[in-house]
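Single-structure report; data block below.
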């Protein structure tokens with residue numbers, strides 16, 4: 002049996018807020034730790050039948066990047082629900098939500114110009 006490992010390293014500032022985030026994985030294509038601005042980790046808690054979440058981001062992640070990050074996460078969830086359960090309705094509802102959110106963010110960005 003093969004083991005795979007994913008490692009996150011979070012450097013905190015004096016207020017315990019993430020200053021830098023790096024990640025590495027045994028199965029990723031490139032070697033060595035890579036820097037990122039944000040992570041969102043969700044773990045199913047079997048005991049309580051609920052989701053445990055860890056959401057971290059650095060202060061240099063822009064609001065636009067944060068919104069795009071979460072739209073991408075939602076889109077990925079839609080694809081995962083389709084792949085794992087075959088539920089086309091849920092997948093399509095999530096995709097439509099993402100489409101509306103992209104439109105909203107684009108309109109916001111156009112107003113800001």
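Residue numbers (this note's numbering): 2 to 114.
From the three backbone atoms N, C-alpha and C, an ideal C-beta is built for every residue, glycine too.
Note that the coordinates shown come from a computational prediction; the quantities given were computed from them, not determined experimentally.
- Item | Buried or exposed (CB count within 10 angstroms, at least 16 for buried), residue 55 | exposed
- Are residue 26 and residue 7 touching if we call contact CB-CB under 8 Å? yes
- Same chain, Cβ closer than 6 Å to residue 171, five either side skipped, listed in chain order: No information on residue 171 is available, as it lies outside the stretch 2 to 114 that the chain covers here.
- Message: Taking 7 Å as the limit between beta carbons, can you name the residues of its chain near residue 91, skipping five residues before and five after?
- Response: 82
- Measure the alpha-carbon distance for residue 4 versus residue 113 and round it to whole angstroms. Using only the alpha carbons, I get a separation of about 47 Å.
- Of all the options 12, 15, 96, 43, which has the alpha carbon lying nearest to the alpha carbon of residue 52? 43
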